[in-house]
Amino acid sequence: METPAAPPATPPAESSGPMGYVLAVVVALLLLAILPSMIAQEKGRSMKTWYAYSFLAFPVALIHSFFLKAREEQEKCSKCKKPISVLALECPHCGARMVFDI
Ligand SMILES: [Zn+2]
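Read in order, the letters of the sequence shown are residues 7 to 108 in the numbering used here.
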């Protein structure tokens with residue numbers, strides 16, 4: 007009687023070593039980082055900056071984004087106190103550079 011040769015059991019490669027783990031974390035962070043950056047953008051912050059921030063320090067950025075105060079459409083120039091766009095890098099009235107705050 008012939009014993010059928012057991013087919014070599016090849017378990018699915020679930021983990022491809024530490025590199026696979028690192029890659030999974032990076033991909034997860036890339037996706038997760040969208041959330042705080044969208045919250046921050048809704049509150050008038052730079053989405054790109056917040057995306058980088060979220061990617062590097064996701065838990066901090068997430069909590070930070072929840073506590074951000076929404077910026078008004080117009081804010082006052084710190085120098086001449088005239089209303090300017092929150093997106094302006096320089097005051098159109100006096101030319102003062104706006105300090106970018108996260
Ligand atoms: Zn000004």
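Note that the Cβ used here is the ideal one computed from N, Cα and C, for glycine as well.
These numbers come from a predicted model, not from an experiment.
Own chain partners of residue i with C-beta closer than 8 angstroms, once the 5 adjacent residues on each side are dropped
i: Ala102; result: Cys83, Ser84, Lys85, Cys86 and Glu96
i: Glu48; result: Ala76
Alpha-carbon spacing of residue i relative to residue j, whole angstroms
i: Ala91; j: Gln80; result: It should be noted that the sequence gives Ser, not Ala, for residue 91. Roughly 5 angstroms between the two C-alpha positions.
i: Leu29; j: Ser60; result: 17 angstroms
i: Val32; j: Phe73; result: 25 angstroms
i: Tyr27; j: Ala34; result: 11 angstroms
Contact check, residue i vs residue j, beta carbons under 7 angstroms
i: Ala63; j: Pro42; result: no
i: Ser71; j: Ile40; result: no
Proximity test, residue i beta-carbon vs ligand 3 heavy atom, cut-off 6 angstroms
i: Ala39; result: The model depicted lacks ligand 3 and carries ligand 1 instead.
Identified DSSP bridge partners for residue i
i: Pro65; result: Looking at the DSSP assignment, Pro65 forms no beta bridge with any residue, so it has no partner.
Report task. Using the beta-carbon of each residue, find all residues closer than 5 angstroms to any heavy atom of ligand 1 and list them in chain order. Result -> Cys83, Lys85, Cys86, Cys97, His99, Cys100 and Ala102
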